[in-house]
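Using the working numbering, the first residue of the sequence shown is number 8, and each one after it goes up by one.
Beta carbons are placed, not taken as given, at the ideal position from N, Cα and C, and that holds for glycine.
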Amino acid sequence: MLAIGVDVGGTSVRAGVVDEQGALLDTARVGTPGGEVALEDAITGVVEELRNRHEIGAVGLAVAAFVRPDRRGVLYAPHLAWRAAPVGDRIAKRVGLPVTLEHDANAAALGEHRFGAARGAGVATLVALGTGIGAGLLLDGRIFRGAHGVAPELGHLCVVPGGRICSCGKYGCWERYCSGTALAATAIELLARHPGRSTVLAREHRGDPGSVTGRRVAGAARDGDPVARLALAELARWLGEGFALVADVYDPEVIVLGGGVSESAPLFLDEAREHYAHAVTGAGHRPLARIRTAQLGDEAAIVGAATLAREETARSNR
């Protein structure tokens, strides 16, 4: 059975046809519109575009949202139009196919478990560093969603009590120290602490403060900018501390690092591993999780959503 996975994000709706080996055979993409009706029109449009070229048996939607435990609807989507919306039922009615919803990080974790960096692991955690932190957890190969379908929100673990304010309303959340936006914030703080340093990043910030983004900081670090390198060292420190918290709670066999920031992993991941190894409870007397970068890249959620839809449709047809 071929299935379609749709990654519904705040800026784009990306869809792909996925086979049983996890291969992406065809893709379609549109910008994310505002409003529930327009958003569901966009999802239906990319699904129908791909159905015109392939025989499809099921559709999986990977959404940046709290998903109902039955995975038929969305409870809340902070960056999308849905609020208590029966999205799965509405899309299924429009396309005439079984539709399954999943949190985008859970879908990505499943994709990496089936076909990528976490293949075969009994307990695996995905940590996706992007604008914030998304996370997924698999126990014995099955997605763990918690009692109400919203676990695990690892990005909102407190790593710095009384630290930076987070959009969730708390202070010191992990994603405020380990994400693309956090990397930029750290660099700007460091520039303010060291105003006399004549670095490329400092000159760019003086000319245009908005130019200091996480991506730009990573690029400057590659070029040897000392402030950018200090910012990456801070990210590595807090990433390792967060990994230790994750290991203390879940004791995973493998932690997969994904998201856009992971593209710069050679700049910070080895140092983060060292921090993790020292910070974890029982350091030096217990096995450590393997920490690997994601293999499926930004296709992981598409592959995972399609795989989940295929598996659940096959199970319901037995």
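Alpha carbon of residue i to alpha carbon of residue j, nearest angstrom
i: P93; j: L264; result: 31 Å
i: S269; j: Y283; result: 17 Å
i: V167; j: E47; result: 39 Å
i: M8; j: G17; result: 29 Å
i: R60; j: A228; result: 44 Å
i: E278; j: T220; result: 22 Å
i: D28; j: L104; result: It should be pointed out that residue 28 corresponds to Gln in this sequence rather than to Asp. Near 21 Å, if we compare the C-alpha coordinates of L104 and Q28.
i: S218; j: L68; result: 34 Å
i: V130; j: A84; result: 27 Å
i: G156; j: V253; result: 19 Å
i: R75; j: V53; result: 24 Å
i: R317; j: N324; result: 11 Å
i: P202; j: L164; result: 32 Å
i: Y257; j: G38; result: 37 Å
i: A45; j: L190; result: 34 Å
i: L242; j: F275; result: 7 Å
i: G210; j: P216; result: Here the sequence assigns Arg to residue 210, which means Gly is not the residue at that position. R210 and P216: Cα-Cα distance of roughly 10 Å.
i: L146; j: V102; result: 32 Å
i: G214; j: T206; result: 13 Å
i: G176; j: A286; result: 27 Å
Residue i - DSSP class collapsed to helix/strand/coil
i: Y178; result: strand
i: E278; result: helix
i: S19; result: strand
i: A301; result: coil
i: V219; result: coil
i: T132; result: strand
i: D6; result: The question about residue 6 has no answer here: the residues shown for the chain are numbered 8 through 325.
i: L208; result: helix
i: L315; result: helix
i: V10; result: Reading off the sequence, residue 10 comes out as Ala, not Val. Here A10 sits in strand by DSSP.
i: G265; result: strand
i: A142; result: strand
i: V24; result: strand
i: R149; result: strand
i: L31; result: strand
Supposed contact pair residue j and residue i - C-beta distance, whole angstroms, cut 8 Å
i: L117; j: T314; result: 6 Å
i: A125; j: V261; result: 5 Å
i: S186; j: I140; result: 6 Å
i: A10; j: V25; result: 6 Å
i: L208; j: D232; result: 5 Å
i: I150; j: N113; result: 5 Å
Residue i vs residue j beta-carbon contact at 9 Å
i: L108; j: T132; result: no
i: A22; j: E62; result: no
i: A225; j: A240; result: no
i: V6; j: R36; result: As shown, the chain starts at 8 and ends at 325. That puts residue 6 outside it, with no answer to give.
i: E306; j: L31; result: yes
i: G123; j: Q302; result: yes
i: W181; j: W245; result: yes
i: A290; j: F250; result: no
i: G143; j: A115; result: yes
i: D33; j: A71; result: no
i: I298; j: G12; result: no
i: G137; j: G266; result: yes
i: A192; j: R183; result: yes
i: G95; j: R79; result: yes
heavy atom of the ligand MG below 8 Å from residue i C-beta
i: T220; result: This structure lacks the ligand MG; in fact it carries no ligand of any kind.
Length-filtered (3 minimum) beta strand (DSSP E) runs lying within the segment 81–113: Entirely contained in the segment 81–113, the beta strand (DSSP E) runs reaching 3 residues are, in chain order, 81–83, 90–92 and 106–110.
In chain order, which alpha helix (DSSP H) runs of at least 4 residues are fully inside the segment 33–88? Listed in chain order, they are 43–58.
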